[in-house]
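Data first, discussion second: the structure below is written as C-alpha cells.
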Amino acid sequence: MSKKILELQNIKREFVMGTEIVRALKGVSFDVMGGEFVTIMGSSGSGKTTLLNTLGCLDKPTEGTYLLDGVNIGGLNRNELARLRNRKIGFVFQSYNLLPRTSALENVELPLFYNIEISHEQRKQKAIKALEAVKLADRLDHMPNQLSGGQQQRVAIARALVNEPVMILADEATGNLDTRTSYEIMALIQELNQVQGKTIVFVTHEPDIAAFSSRTVTLRDGKVVKDTLNENVRSAKEALAALPPAEDY
Amino acid sequence: MNILNLIRIAFKALQRNKLRAFLTMLGVIIGVASVIAMVAIGQGSKQSIQSQLSSMGSNMITILPASNIAGGARLGGSTVQTLTIDDVKAIRKQAVNVSAISPAATSSGQSIFGALNWPTTIQGVSPSYLDIRKWDLKDGIPFSDEDVRASAKVCLLGQTVITNLFPNGENPVGKIIRFNNIPFQVIGVLVAKGQSSFGQDQDDVILAPYTTVQKRILATIYFRTIYASAISESASDDATDEITSILRKTHRLRTTDENDFQVRTMAELISALSSTSNLLTILLTAIAGISLIIGGIGIMNIMYVSVTERTREIGLRMSIGARGIDILMQFLIEAIMISITGGLIGVVLGITSAQLITYFLSWPTLVSESSIILSFAVCAFTGVFFGYYPAQKASRLDPIEALRYE
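Chains as they are written, first to last, in my numbering: chain C, 112 to 360; chain F, 420 to 825.
If you want it as C-alpha cells, here you go:
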C-alpha cells in the first residue's frame with residue numbers, strides 16, 4: 112500500500128462537437144494506491160467512460176496531469192501509449208471481446224504477442240498460469256462459443272492478468288452477467304485483490320457491485336462528488352453462498 | 420514487435436476464416452494459373468511452328484518468278500515465266516553457299532490406278548529435291564540423274580495419293596499409274612510429312628523427274644519454283660545474295676531493272692510466323708494479366724470488408740498494446756499470405772492445366788520459367804499493393820471508437 116499507482120491532478124477533457132464544446136471531465140483529481148480496489152460509480156453522462164478511457168491510456172486529457180505508475184502520459188505519443196497499455200494495464204470489458212474461433216489459451220496469449228521481450232515458451236507458460244489463476248486450467252483449448260458468459264469473462268480476466276499489469280481496469284465487467292455469475296466474477300476479482308494484491312479499478316453503475324470494493328469514487332457531471340472508503344467490504348464469496356441455490360425449473 | 424510474431428498473428432487470423440481466405444485466394448489462383456497456361460499455349464504454338472518449319476529444312480531457299488514489267492503493265496508473279504534450267508545450272512556452278520538445288524515444275528491433274536482415281540499435283544524435280552526438303556523414302560528407290568536425262572516416266576508417291584489409289588494396302592512400288600493419261604512407273608514411296616504449318620497436305624503429291632513433267636505434261640521450258648539449300652542456316656543470307664546476283668546476270672538485267680524473280684528464305688518465314696504467334700502470346704498474356712489484377716482487387720475488397728468486420732478486434736488489439744504499425748503489418752501480412760499462397764497454388768494449377776491441354780486437346784504447350792517467375796512476382800506485388808490501403812485504414816482506427824463499434 113506504499114506506492115501511488117494512479118495520480119490524477121485536475122484532469123479535464125473537452126470534445127468539440129460541431130460548434131459546441133462538450134466538457135466531459137471538469138477537473139478530476141484523486142490518487143489510487145497499490146493494492147486498492149476502487150469502484151468508479153456514476154450514472155450515464157457523468158464522464159465515467161471518458162475517465163475510463165483516460166485511465167486506460169486510450170485517450171489523453173485536454174488539461175491536467177495523469178501519472179500511471181510514475182509515468183506522465185501527457186507527453187507520450189500513440190506508440191508509447193500502446194506500449195504502456197501493454198505493460199501496465201489489463202483491460203476487462205463488458206462484452207468480453209474475445210477473438211472468435213480462437214482458443215482460450217490463444218486469447219490469453221494475445222497481449223504477450225505484442226511484448227517483444229517474451230519468448231514463445233514463456234508466452235505459453237504465462238498464459239497457462241493466468242488461466243489457472245481464474246480456475247480455467249481445464250478449458251485451455253475451448254473456443255469462446257464453447258464457454259459460458261462467466262467463463263468467457265474469466266478468460267478475459269486471465270488475458271488482463273497475463274502481462275502482470277500494475278492495474279486491472281474493468282469496464283462494467285459484470286454488466287452482461289446474471290447475479291450468480293457476476294458474484295462469481297466479483298469473488299474472483301476480490302481474491303485477486305486480497306490474495307495477490309492486484310490494484311483494481313472497476314467502473315460500474317451498480318451500487319450492489321460497489322459494495323465489494325474497498326473504495327468508491329462517485330462522478331457526477333464530470334466532477335468527483337463523493338470519494339469514500341468502504342468500512343465493511345462485503346465478501347462476494349459469502350454473498351454467493353447466501354444466494355438461494357440455483358433453481359431448476 | 421518481431422516479424423515472426425506478426426506472421427503468427429496473421430496466420431491465426433487467416434485460419435479463423437479459412438473459407439473466406441480461400442475464396443479471396445481464388446481470384447489470384449485463377450489469375451496466375453491463366454497467365455501460366457496462356458503463355459504456355461502461346462510459347463508452345465510458337466515452338467511447334469518453328470520446329471515444323473525447320474523440319475521442312477530451315478536452310479531451304481525458294482526462288483520464285485516475280486512480277487515484271489511488260490510494255491508498261493505490271494504482271495503478277497504467277498503469270499510470269501522467267502526461271503529456266505540455265506538458271507539452275509548457273510547457280511549450281513557458281514554459288515558457293517548453296518549445297519543443293521532442284522527446279523520444280525508443277526502441274527495438277529488426275530492420277531489413275533485401276534478403277535480408282537484421285538486429283539493431285541505432280542512435281543517435276545531433280546533428285547536433290549529430297550535432300551532439300553529433308554524427305555526420306557519409305558520404300559523403293561529415288562529416281563536418278565539418268566532418269567532426269569532420259570525424261571523417264573518414273574515417279575515417287577506421297578502417302579495421301581497412296582491411300583486413295585491403293586486403299587487395300589498393296590505395295591505400289593513397281594505398279595504403273597497414270598497421270599493425265601501418261602503412264603508412270605512407281606519406283607518409290609515417300610514417308611508421311613503431314614500438314615504444313617499453313618494447313619496444306621504435303622503428302623498429296625507425286626514426284627517425277629522435272630524433264631518428264633516439263634516435256635510430257637506441261638510442254639514448257641520454265642519452272643514454277645526453284646528450291647535450293649544453303650550450306651547452313653546462317654549462310655542463307657549470303658546464299659540469297661549470291662543467287663540474286665547470279666540470276667540478274669543470267670537474266671541479263673540492267674542495273675536499273677527490277678528483279679524478275681524473288682528469293683525467299685525459310686528464316687524470313689519463321690520470323691513472320693513467330694511474330695504472329697508472339698502477338699498471340701501477348702494478347703493471351705494481357706487477358707490473363709487483367710484477371711490477375713481483378714484477383715488483386717478481390718484481395719483489396721475482402722481486406723476492406725475484413726477490416727470493417729474486425730473493427731472490434733482491432734480495437735481490442737490496440738487496447739492490449741498493439742501499435743498502429745503492428746496492426747498495419749498484420750493486415751499487410753495477411754494480404755501477402757493470401758496472394759502468395761494463391762500464387763503458389765496458381766503456379767501448380769497453371770502447369771497442370773497446360774499439361775492437361777496438351778493431353779486432351781493435343782495443343783502444344785511450353786511452360787516457361789519466366790512466366791512462372793513473372794506471374795508470381797506480380798501476385799506478390801499485388802498483395803502488397805492492394806493490401807496496403809485497407810491495412811493502413813485499420814492501423815489508423817481510434818481504439819476507443821473501434822472498441823465500441825457495433
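Where a beta carbon is used, it is the ideal one built from N, C-alpha and C, also for glycine.
When you compare only the Cα positions, how much space is there between residue i and residue j?
i: C/ALA241; j: C/LYS159; result: 29 Å
i: C/VAL149; j: F/ILE449; result: 59 Å
i: F/VAL451; j: F/ILE791; result: 8 Å
i: C/GLY308; j: C/GLY286; result: 24 Å
i: C/LEU299; j: C/ALA353; result: 17 Å
i: F/LEU556; j: F/VAL573; result: 15 Å
i: F/MET457; j: F/VAL682; result: 36 Å
i: F/ARG511; j: F/VAL517; result: 7 Å
i: F/THR540; j: F/VAL515; result: 32 Å
i: F/GLU428; j: C/GLU342; result: It should be noted that the sequence gives Ile, not Glu, for residue 428 of chain F. Answer to the nearest angstrom: the Cα atoms are 46 Å apart.
i: F/ARG552; j: F/ILE480; result: 10 Å
i: F/ASN421; j: C/PRO318; result: 44 Å
i: C/GLY275; j: C/SER230; result: A quick correction: the sequence has Glu, not Gly, at residue 275 of chain C. In a straight line, the C-alpha of C/GLU275 is about 15 Å away from that of C/SER230.
i: F/ALA796; j: F/ILE713; result: 16 Å
i: F/GLU732; j: F/ALA821; result: 8 Å
i: F/ASP660; j: F/LEU785; result: 36 Å
i: F/LEU472; j: F/SER648; result: 14 Å
i: F/LYS437; j: F/ILE718; result: 14 Å
i: F/TYR778; j: F/LEU433; result: 36 Å
i: F/ARG671; j: F/THR582; result: 46 Å
i: C/ASN365; j: C/ARG196; result: Outside the displayed span of chain C (112 to 360) sits residue 365 of chain C, for which this structure offers no information.
i: F/LEU575; j: F/THR695; result: 35 Å
i: F/LYS634; j: F/GLN604; result: 17 Å
i: C/VAL245; j: F/ILE770; result: 54 Å
i: C/ILE296; j: F/ILE755; result: 41 Å
i: F/GLN542; j: F/LEU780; result: 35 Å
i: C/GLU174; j: C/ASN208; result: 31 Å
For a contact meaning CB atoms closer than 8 Å, what does residue i contact in chain C?
i: F/LYS431; result: THR213 and GLU217
i: F/ASN421; result: ILE227
Please list the partners that residue i has in chain F, where partner means a Cβ-to-Cβ separation under 8 Å.
i: C/ASN164; result: ILE819
i: C/ASN190; result: ARG742, GLY743 and ILE744
My assumption, with CB atoms under 8 Å, is that residue i sits in contact with residue j. Please give the rounded CB distance.
i: F/SER477; j: F/MET685; result: 5 Å
i: F/ASP550; j: F/THR579; result: Incorrect: roughly 22 Å between the Cβ atoms, too far for contact.
i: F/GLY461; j: F/LEU699; result: 5 Å
i: F/VAL766; j: F/TYR629; result: About 55 Å separates the two Cβ atoms, so there is no contact after all.
i: F/GLN529; j: F/ASN599; result: 7 Å
i: C/VAL306; j: C/PHE323; result: 15 Å between Cβ atoms; not a contact.
i: F/ILE757; j: F/MET444; result: 5 Å
i: C/GLY201; j: C/LEU136; result: The pair is not a contact, with the Cβ atoms about 23 Å apart (cut-off 8 Å).
i: F/VAL447; j: F/GLY806; result: About 12 Å; that fails the 8 Å criterion.
i: C/VAL335; j: C/ASP282; result: So it is not a contact: roughly 18 Å between Cβ atoms.
i: F/GLY607; j: F/GLY559; result: 3 Å
Just to make sure I have the definition right: I need the residues of chain F whose C-beta is within less than 7 Å of the C-beta of residue i. Which are they?
i: C/PHE202; result: SER738 and ILE739
i: C/ARG196; result: SER738, ILE739 and GLY740
i: C/ALA193; result: MET737, GLY740, ALA741 and ARG742
For a contact meaning CB atoms closer than 7 Å, what does residue i contact in chain C?
i: F/ILE428; result: PHE224
i: F/GLU788; result: Here the premise fails: no neighbours, minimum Cβ distance about 38 Å.
i: F/ASN424; result: PHE224
At 9 Å on the CB atoms, spell out the chain C contacts of residue i, in chain order.
i: F/GLU732; result: ASN208, LEU210 and PRO211
Of the residues that make up the segment 735-761 of chain F, which ones have a beta carbon closer than 8 Å to any beta carbon in chain C? Correct list: LEU735, ARG736, MET737, SER738, ILE739, GLY740, ALA741, ARG742, GLY743, ILE744 and ASP745.
In the segment 204-228 of chain C, which residues sit with their C-beta less than 8 Å from some C-beta in chain F, listed in chain order? PHE204, ASN208, LEU210, PRO211, ARG212, THR213, GLU217, LEU221, PRO222, PHE224, TYR225, ASN226 and ILE227
Along the chain, which unbroken stretches of the beta strand (DSSP E) at least 3 residues long are found entirely within the segment 754-795 of chain F? none
List, from N- to C-terminal side, the alpha helix (DSSP H) runs of 4 residues or more that fit wholly inside the segment 536-599 of chain F. Contiguous alpha helix (DSSP H) elements confined to the segment 536-599 of chain F occur at 548-551, 564-568 and 578-584, taking only those with 4 or more residues.
Taking any Cβ of chain C, which residues in the segment 793-812 of chain F have a Cβ under 7 Å from it, in chain order? none
Ranges of the beta strand (DSSP E) found wholly within the segment 189-230 of chain C, counting only runs of at least 3: 200-203
Identify every run of the beta strand (DSSP E) within the segment 125-158 of chain C, keeping only runs that are complete inside it and at least 3 residues long; order them along the chain. 131-144 and 148-152
Enumerate, from N- to C-terminal direction, the unbroken alpha helix (DSSP H) stretches of 4 or more residues contained entirely within the segment 241-279 of chain C. 260-272
Could you name the residues of the segment 434-458 of chain F whose beta carbon sits closer than 9 Å to any beta carbon of chain C, in the order they occur along the chain? GLN434, ARG435 and ASN436
Secondary structure, alpha helix (DSSP H): runs of 4+ residues fully inside the segment 299-355 of chain C: 318-321 and 347-353
If you measure beta-carbon to beta-carbon, which residues of the segment 141-171 of chain C are closer than 8 Å to chain F? ASN164, GLY167, LEU169 and ASP170
At 3 residues or longer, what runs of the beta strand (DSSP E) sit wholly inside the segment 639-725 of chain F? Runs of the beta strand (DSSP E) inside the segment 639-725 of chain F: 644-649 and 680-684.
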